[in-house]
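Undergrad:
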Amino acid sequence: MDLNKIYSFNFPTAIRFGTGVINELGNYLKDNNLKRPLLVTDANVANLDFFVGIKNTLEKDGFHIEIFKEMHKNPVKSDVLKGGEHYHQTDRDCVIGIGGGVAIDVARAIVLRVNHTRDLFDYDDLIGGDKYVTGDVPHFIAVPTTSGTGSEVGRSAIISEDDTKKKRILFSPKLMAKIVFADPMLTMELPSFITAATGMDALTHNLEAYLAKGFHPMCDGIALEGMALIAQSIETATHSPDLESRAKMLLGSLMGAVAFQKGLGIVHSLAHPLSSLLDTHHGLANAINLPYGMKFNYQGFEDRFNRMALALGLGVNCGDKVVDYLFELNKKLKLPTTLSEIGVTSKHIDTLALLAEADFCHPSNPKPVNKTDFKKLYEAAL
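Counting in our numbering, the sequence shown runs from 72 upward without gaps.
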């Protein structure tokens with residue numbers, strides 16, 4: 072990969088990748104006759120220099136900018152409804168999601184909301200709600216600024232209920248971004264914790280997608296390359312970031328999101344309840360649970376673990392080293408390795424296990440898992 076070049080490829084949507092590619096955004100808007108974008112981001116990113124620079128450049132070029140940044144750390148339905156109202160009230164003609172998975176998920180959900188006025192969760196994919204996504208949607212552009220969820224190349228948004236915090240999936244091929252501007256320079260100023268936590272989220276996507284049951288050799292190949300790129304770069308990107316490590320992390324994140332079209336698994340089902348119940352950062356929740364979930368899955372899938380170990384740089388026939396590698400990686404990244412370090416107590420275990428059993432990710436896990444299994448895993452991680 073030549074860091075001085077900009078690349079263009081389509082998988083599954085149009086992607087412009089490379090240093091400085093964000094400078095193409097204004098011309099893209101002009102070419103598509105878009106003049107009044109709604110920039111959707113979170114409150115933290117809205118104050119960062121690069122975001123202010125994007126906004127100022129677009130305004131200088133004659134675009135009328137509005138910003139929506141009212142969203143929770145784990146986004147909820149009311150965030151999306153407010154964003155949809157803001158779109159209409161300010162007469163926008165497109166949506167640009169700029170940020171990590173939260174901002175881009177909220178942006179995508181706003182894209183849905185603009186012309187789809189049923190109760191938002193009528194569109195929940197888990198109850199067949201995608202059949203209601205029949206109207207037009209605004210032009211949607213995604214600009215990732217973290218290397219984590221890979222939401223920029225997805226077709227779904229995970230939004231929680233305001234009261235119960237139950238996660239819902241809004242899905243439709245119509246919700247895919249028309250184009251992604253993936254510029255590693257936009258990730259250079261990420262704090263080390265966010266780099267580590269979102270990076271472990273991306274690694275989890277690749278590992279779980281590769282292990283997910285079902286036949287999808289294309290996703291398998293992408294997942295292996297994604298985990299290799301992340302293994303090569305996550306420590307450097309966290310502790311002494313350079314452009315190469317940031318570029319590899321951004322690609323690894325994109326690849327994880329493509330790969331998990333195949334499915335995810337037990338780790339995400341362990342992680343989601345922590346975000347719902349304790350408002351834990353999603354990437355951090357995945358990072359802590361990843362070694363425990365992989366240990367659960369190892370027996371019976373040794374060949375898959377051997378291939379993952381090779382991609383992770385552990386050597387040939389070293390699948391039995393993957394779990395220890397993940398524990399050690401968390402330590403190297405200065406992330407917690409137990410749930411008690413993030414405030415989980417034994418009193419939380421029963422509720423967490425109940426929520427995990429109801430989660431939508433573990434049906435794709437290579438091994439079946441029930442409430443008792445989840446309870447044992449949470450207790451082991453405590």
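Glycine included, C-beta positions come from ideal geometry on N, C-alpha and C.
#1: So which of 109, 165, 202 has the shortest CA-CA distance to residue 139?
#2: Mind reading off the beta-carbon distance from residue 260 to residue 96? Whole number of angstroms is fine, and I expect it under 8 Å.
#3: So is residue 320 buried or exposed if we call it buried at 16+ other beta carbons inside 10 Å?
#4: Looking only at C-alpha atoms, which of 400, 404, 406, 375 sits nearest to residue 391?
#5: Compute the Euclidean distance between the alpha carbons of residue 209 and residue 330, then round it to the nearest angstrom.
#6: Nearest to residue 228 by alpha carbon, out of 338, 205, 192?
#7: Looking at the structure shown, is residue 405 part of a helix, part of a strand, or coil, going by DSSP?
#8: Do the CB positions of residue 441 and residue 428 come within less than 8 Å of each other?
#9: So what does residue 231 bridge to, in DSSP terms?
#10: Is residue 209 helix, strand or coil when you go by DSSP?
#11: Enumerate in chain order the residues of its own chain whose CB-to-CB distance from residue 64 is below 7 Å, with the five nearest sequence positions on each side excluded.
#12: Looking at the strands, I want to know which residues DSSP matches up with residue 137.
#13: Measure the Cβ-Cβ separation of residue 359 and residue 452 and say whether it is below 8 Å.
#14: In angstroms with no decimal places, state the Cα-to-Cα distance between residue 310 and residue 304.
#15: Going by C-alpha distance, which of 397, 273, 353, 244 is nearest residue 83?
#16: In three-state DSSP terms, what is residue 290?
TA: So, from the listed chains and residues:
#1: Counting from one through the sequence shown, the residue named residue 139 turns up at place 68. Checking every option, the nearest Cα to that of residue 139 belongs to 109.
#2: As a first step, residue 260 must be located in the sequence shown, where it is residue number 189. As a first step, residue 96 must be located in the sequence shown, where it is residue number 25. With 8 Å as the limit, residue 260 and residue 96 do not qualify as a contact, their Cβ atoms being about 18 Å apart.
#3: In the sequence shown, counting from the first residue as 1, residue 320 sits at position 249. Under this definition residue 320 is a buried residue.
#4: Along the sequence shown, read from residue 1 onward, the residue named residue 391 stands at position 320. Taking only the C-alpha atoms, the option nearest residue 391 is 375.
#5: The sequence position of residue 209 within the sequence shown is 138, counting from 1. The sequence position of residue 330 within the sequence shown is 259, counting from 1. Those two C-alpha atoms are separated by around 26 Å.
#6: For the purposes of this step, residue 228 is taken as residue 157 along the sequence shown, with counting starting at 1. Residue 192 is the option with its Cα nearest to residue 228.
#7: Here residue 405 refers to the residue found at position 334 of the sequence shown. Of the three classes helix, strand and coil, the one that applies to residue 405 here is coil, per DSSP.
#8: Within the sequence shown, numbered from 1, the residue matching residue 441 stands at position 370. Within the sequence shown, numbered from 1, the residue matching residue 428 stands at position 357. Their beta carbons are under 8 Å apart, which means residue 441 touches residue 428 by this criterion.
#9: To locate residue 231, count along the sequence shown from 1; it is residue 160. Paired residue(s): 147, 238.
#10: The count along the sequence shown starts at 1 and reaches residue 209 at position 138. Looking at residue 209 - three-state DSSP - the assignment turns out to be coil, as it is neither helix nor strand.
#11: Since the first residue of the chain shown is 72 and the last is 453, residue 64 is not available in this structure.
#12: As a working mapping, residue 137 is identified with position 66 in the sequence shown. DSSP output for residue 137 lists 109 as bridge partner(s).
#13: Here residue 359 refers to the residue found at position 288 of the sequence shown. Here residue 452 refers to the residue found at position 381 of the sequence shown. In contact: residue 359 and residue 452 (Cβ atoms closer than 8 Å).
#14: As a first step, residue 310 is located in the sequence shown; it is residue number 239 there, counting from the start. As a first step, residue 304 is located in the sequence shown; it is residue number 233 there, counting from the start. Their backbone Cα atoms lie some 10 Å apart in a straight line.
#15: Taking the first residue of the sequence shown as position 1, residue 83 is located at position 12. Comparing Cα positions, the closest option is 244.
#16: Position 219 of the sequence shown, counted from the start, is the residue given in the question as residue 290. The answer is helix: DSSP assigns residue 290 an H, G or I state.
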